[in-house]
Structure formats: C-alpha cells, structure tokens
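Protein chains: 2
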Amino acid sequence: MKLEEAKQQFIDTWGALGTEWGINKSVAQVHALLLSSSNPISTDEIMEMLVISRGNANMSIRQLIDYGIVYKKHIAGDRKEYFVAEKEVLKWAMKIAIMRKKKELDPVMDILKEITVATEKETTDDGKEFHNTVKEIQELTDQLEKIANKVFASNRADLLIKLFKFII
Amino acid sequence: MKLEEAKQQFIDTWGALGTEWGINKSVAQVHALLLSSSNPISTDEIMEMLVISRGNANMSIRQLIDYGIVYKKHIAGDRKEYFVAEKEVLKWAMKIAIMRKKKELDPVMDILKEITVATEKETTDDGKEFHNTVKEIQELTDQLEKIANKVFASNRADLLIKLFKFII
DNA sequence: TTTTATTTTCAATATTTATTGAAAGTTTAG
DNA sequence: CTAAACTTTCAATAAATATTGAAAATAAAA
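Each protein sequence line maps, in turn, to chains A and B. For the first sequence, our numbering gives the first residue as 29, with consecutive numbering after it. For the second sequence, our numbering gives the first residue as 29, with consecutive numbering after it.
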C-alpha cells in the first residue's frame, strides 16, 4: 500500500466512523487529513485534497478549532492561514469526549434528574415503577459521570488505563 | 408534573439523545416508551402513543429485539404480539455497547491495524510520522477494547464501577 | 486610501436518512 | 379449506442534514 493510499483510507474510515456516531463527515475527514499530515495545511489544500467546497472546509475547520483539537498556524511571509491537528491521541480524544459530554449528555442528565424528582411521590404501581426506572438510569449515568470527570480532571488517563489493565 | 407528562418528556429526551449519537429517533423513542411502561405494549399502542406508522413501529421494534434489549411477550387469549423492554439498566446499556462496538468500532480497528502494518516500513519523515499517529490511535483503542471486553465478559460492570469509584 | 488576498456567511441545493402506507405475506380461528 | 387478524416488506415520499458557491466582510499590501 502506497503512503497516499494509506492516508486516503485513514481519511475515509475516519469519515465513516464519524458519521455513525453523529459527527459530520467533512469535519471528521478534515480532522483525519490534518492528523495524517506532518505539516500545516491551508484551506485551499484541504478543499483540493478532500474535494469539498470552501464553505464546507471553513466551517469544518472552525468546528475542530472550537473543539480545541486543531490549531491555527501562521507561516511567515504567507497571508494564508494554516492548520495543524493536535497529534497527541489521548489529548484530542479527551477533548472530544469532554465536549460531547458537556453538550449532549449533561443536559440529558439534568432532565433525568428532574424527572426523578418530579415522580418521587407517585403512588400508583405504574408511577412508582417508572420513577424507579428513570432513577436507575440517572444514578448509573451519575456514577459514570463522576468517574469521567475525575479522569478528565486528572489529565493522566494513560496511567488510569494502565492501572485498569492491571486490576481487571 | 403529571406522570404522563413525565413519561412524554423522557421519551422526547431519549429520542433527541439517540439522534445525536447516531441512533434512529423512532428506535430510541420506542425503547423509551417500553422502558416507561409497566405492562407489555402492542404495535398498535406504540403507533398511537408515538404517532408513527405501522412500518416504522414494526422496524423499530425489530431493531430493539435484534439488539436484545426488547422481548416479545405473548398474552393469553390475544393474537397480537406485545413487547417489553429489558428493565435492568446495566444489562441493556451493556448490550447496546457491545452491539455498537462490534458493528462500528471493530471494523475500524481492523483497518487501523492494517494501515499500521502497511506503513511499518515507511522511510520518509512524513511516512514515519503518519505511521506513528495511526499506531498510537490503534494502540489506544486496542487497550480500551481489551478493558471493554473484560468488562463485557465479566457481566459485573456494577462491581467494576464501585471498584473504580473506590480507586480514583 | 485603494486594491488585492483571504476568510466568513448563509440562502439555495443536493444528499442522506427516516417514515409512510398499502400490498404481500403469515398465522390463527372458524 | 377460507376468512379474518395480524405482521412484514419496500417503493415512494418526506424530513433532516450536509454542502455548495457566490456575495459580503475582513485583513493585509501597495
């Protein structure tokens, strides 16, 4: 397999995986492209290499920058903006996890909590069972969130993985 | 908040969360509806309560049954099929996790492995750096997969959560 | 300042994904 | 067996989501 082929396959795979998990294909592909490149890349190069429009390239880059996993890089004597991806895997993986948790999971956890409280005083069997179901989900996500928060805060997920492998 | 209101909010929230994570809205809503009900529910009731078509209801139920998180329930003297959701949270959460891992993550891990091997002998700086990036991703996912497999196999994720809370 | 290069925005359009509903298939009752 | 009850399938359609591309905005150079 030639290098360019390998890179292309990586980009395609990343794009497909993103799609399945609710991440825009172009965003995932731009991320993969930047990950697979040693040097900073400009918007024009991204457009050309992924065959996407300027608008799409621009918005995808911006989203990755918002996630904090891609940085702008100024190149002396060039007016264009260049971009590089955070290459440390655990670092960007954690940033994506933190961002998605905050944006998508936290609001749901709040609602689960609300529902749990609101159904506390149900008297019917049906009401009590629903309360218990929601409460169980809420308590489990709560425990997982506490663990996740500690992992995120520690910034030493690598050590934790080692520890976990040792224990289990 | 009235019980019916609470249930509806649970169903809506579940549907929205599913959508964000690549799970069909109707599938997630049917799951939530079954979770929030003490008694088995028929296709007709699902159609009525969620205001969806027979085809959609049928396919959503089937998918949940395929996941192994919803069961058919025969009711004596009734020709209709009724359905109940697995109520034990950890049980269905694990089943969903296992299924998605197998279907969506495992193939990607295979490809990452392939790319890692295929770029082993790269000689250019660019080639070597790409190889390292992919290898790092591959190794991390590999470690996480091993942990996940053990957790899945143990069927005692509850104990592991307690253990983890204790350690960290 | 004016010109030119570059980036951003967003309405229009294309693509993908979800949903419908009626016909075909299946099962059970009479 | 035949009819009725129920389930499944899937082509057609609708809805949601992603992408384009050109105009507007911004920034740098002349």
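For each residue, glycine too, the CB sits at the ideal point set by N, CA and C. All values reported here derive from a predicted model rather than from experimental measurement.
Report yes or no: is there a C-beta of chain A within less than 9 angstroms of the C-beta of threonine 161(B)? If you number the second sequence from 1, residue 161(B) lands on position 133. It does: the Cβ of threonine 161(B) has a partner Cβ on chain A nearer than 9 angstroms.
Starting from lysine 101(A), trace the beta strand (DSSP E) both ways and give me its first and last residue. One-based indexing of the first sequence puts residue 101(A) at position 73. Run containing lysine 101(A): 98-102, per the beta strand (DSSP E) assignment.
Given 8 angstroms as the limit, is there contact between the stretch 93-101 of chain A and the stretch 49-68 of chain A, that is, 3 or more CB pairs closer than that? The stretch 93-101 of chain A makes contact with the stretch 49-68 of chain A, as at least three CB pairs between them are under 8 angstroms.
Are the C-beta of serine 65(A) and some C-beta of chain B separated by less than 9 angstroms? As a working note, residue 65(A) is residue 37 in the first sequence. Closer than 9 angstroms to some Cβ of chain B, the Cβ of serine 65(A) qualifies, so yes.
Taking just the CA atoms, how far does glycine 83(B) sit from arginine 90(A)? Residue mapping note: residue 90(A) aligns to position 62 of the first sequence, counting from 1. Residue mapping note: residue 83(B) aligns to position 55 of the second sequence, counting from 1. It is roughly 40 angstroms from the alpha-carbon of arginine 90(A) to the alpha-carbon of glycine 83(B).
Of all the CB atoms in chain A, is at least one closer than 9 angstroms to the CB of isoleucine 139(B)? The residue you call residue 139(B) lines up with position 111 of the second sequence. At least one chain A Cβ lies under 9 angstroms of isoleucine 139(B).
At least three beta-carbon pairs within less than 8 angstroms, the stretch 109-121 of chain A to the stretch 60-67 of chain A: With the cut-off at 8 angstroms, the stretch 109-121 of chain A and the stretch 60-67 of chain A touch.
According to DSSP, is isoleucine 196(B) helix, strand or coil? Reading the second sequence from its first residue, position 168 is the one you call residue 196(B). It is coil, neither helix nor strand.
How close, in whole Å, do the beta carbons of lysine 193(B) and lysine 174(A) come, if the pair is a contact with beta carbons under 8 angstroms? Taking the second sequence and counting its residues from 1, the one referred to as residue 193(B) is at position 165. Taking the first sequence and counting its residues from 1, the one referred to as residue 174(A) is at position 146. With a Cβ gap of about 7 angstroms, lysine 193(B) and lysine 174(A) count as contacting.
If we ignore side chains and look at the alpha-carbon of each, how far apart do aspartate 134(B) and glutamine 166(B) end up? Numbered from its first residue, the second sequence carries residue 134(B) at position 106. Numbered from its first residue, the second sequence carries residue 166(B) at position 138. When the Cα atoms are used, aspartate 134(B) and glutamine 166(B) turn out to be separated by approximately 11 angstroms.
Local Cβ density within 10 Å of alanine 34(B), reported as buried at 16 or more and exposed below that: As a working mapping, residue 34(B) is identified with position 6 in the second sequence. By the neighbour-count rule (16 or more Cβ atoms within 10 Å), alanine 34(B) is buried.
So which of Glu32(B), Trp49(B), Asp40(B) and Gln37(B) has the shortest CA-CA distance to arginine 128(B)? For this step, residue 128(B) is matched to residue 100 along the second sequence. For arginine 128(B), the nearest C-alpha among the options comes from Trp49(B).
At the level of alpha carbons, what is the spacing between leucine 118(B) and leucine 188(B)? As a first step, residue 118(B) must be located in the second sequence, where it is residue number 90. As a first step, residue 188(B) must be located in the second sequence, where it is residue number 160. For leucine 118(B) and leucine 188(B), the distance between alpha carbons rounds to 12 angstroms.
Going by the CB atoms, is the gap between glutamate 148(A) and phenylalanine 158(A) shorter than 9 angstroms? In the first sequence, the residue the question calls residue 158(A) occupies position 130. In the first sequence, the residue the question calls residue 148(A) occupies position 120. Contact: no.
For aspartate 72(A) and chain B, any beta-carbon pair shorter than 9 angstroms? The residue given as residue 72(A) occupies position 44 in the first sequence. Answer no: the Cβ-Cβ gap between aspartate 72(A) and chain B never drops below 9 angstroms.
Short-range partners of chain A found in the stretch 148-180 of chain B, where Cβ spacing is below 8 angstroms: Residues of the stretch 148-180 of chain B with a C-beta atom less than 8 angstroms from some C-beta of chain A are Glu150, Thr152, Asp153, Asp154, Gly155, Glu157, Phe158, Thr161, Val162, Glu164, Ile165, Leu168, Gln171, Leu172, Lys174, Ile175, Lys178 and Val179, listed in chain order.
For a cutoff of 9 angstroms on Cβ pairs, would you count isoleucine 80(A) as touching chain B? Translated into the one-based positions of the first sequence, residue 80(A) becomes position 52. No, no contact with chain B.
When DSSP labels each residue in this structure, what does serine 54(B) get in the three-state scheme? Within the second sequence, residue 54(B) is the residue found at index 26, counting from 1. If DSSP states are grouped into helix, strand and coil, serine 54(B) belongs with the helices.
Exposed or buried, valine 162(A), counting other C-beta atoms within 10 Å across all chains shown (16 or more means buried)? Here residue 162(A) refers to the residue found at position 134 when the first sequence is read from its first residue. Counting other Cβ atoms within 10 Å of its Cβ, valine 162(A) reaches 16 or more and is therefore classed as buried.
Leaving aside the five residues before and after serine 88(B) along the sequence, list all residues of the same chain whose C-beta is less than 6 angstroms from its C-beta, in chain order. Position 60 of the second sequence, counting from 1, holds the residue named residue 88(B). Closer than 6 angstroms at the Cβ level, and outside the excluded window around serine 88(B), lie Ser54, Val55 and Val58.
Distance cutoff 9 angstroms, beta carbons only. Does isoleucine 103(A) sit that close to anything in chain B? As a position in the first sequence, residue 103(A) is number 75, starting the count at 1. No, no contact with chain B.
Keeping to the same chain, check which residues put their C-beta closer than 6 angstroms to that of tryptophan 42(A); ignore five residues upstream and five downstream. Locating residue 42(A) in the first sequence gives position 14, counting from the first residue. Closer than 6 angstroms at Cβ, skipping near neighbours: Ala56 and Ala60.
Which residue from Ile196(A), Gly46(A) and Gln171(A) puts its Cα closest to that of asparagine 183(B)? Locating residue 183(B) in the second sequence gives position 155, counting from the first residue. Nearest to asparagine 183(B) by alpha-carbon distance, out of Ile196(A), Gly46(A) and Gln171(A), is Ile196(A).
CB contact check: leucine 191(B) to chain A, cutoff 9 angstroms: Numbered from 1 along the second sequence, position 163 holds the residue referred to as residue 191(B). With 9 angstroms as the cut-off, leucine 191(B) counts as an interface residue toward chain A.
With burial defined as no fewer than 16 other Cβ atoms inside 10 Å of the residue's Cβ, what is the status of methionine 29(A): buried or exposed? Counted from its first residue, the first sequence places residue 29(A) at position 1. Burial state of methionine 29(A) is exposed, judged by a 10 Å Cβ sphere holding fewer than 16 other Cβ atoms.
Whole angstroms is fine: what's the gap from asparagine 86(A)'s alpha carbon to isoleucine 103(B)'s? One-based indexing of the first sequence puts residue 86(A) at position 58. One-based indexing of the second sequence puts residue 103(B) at position 75. Answer to the nearest angstrom: the Cα atoms are 57 angstroms apart.
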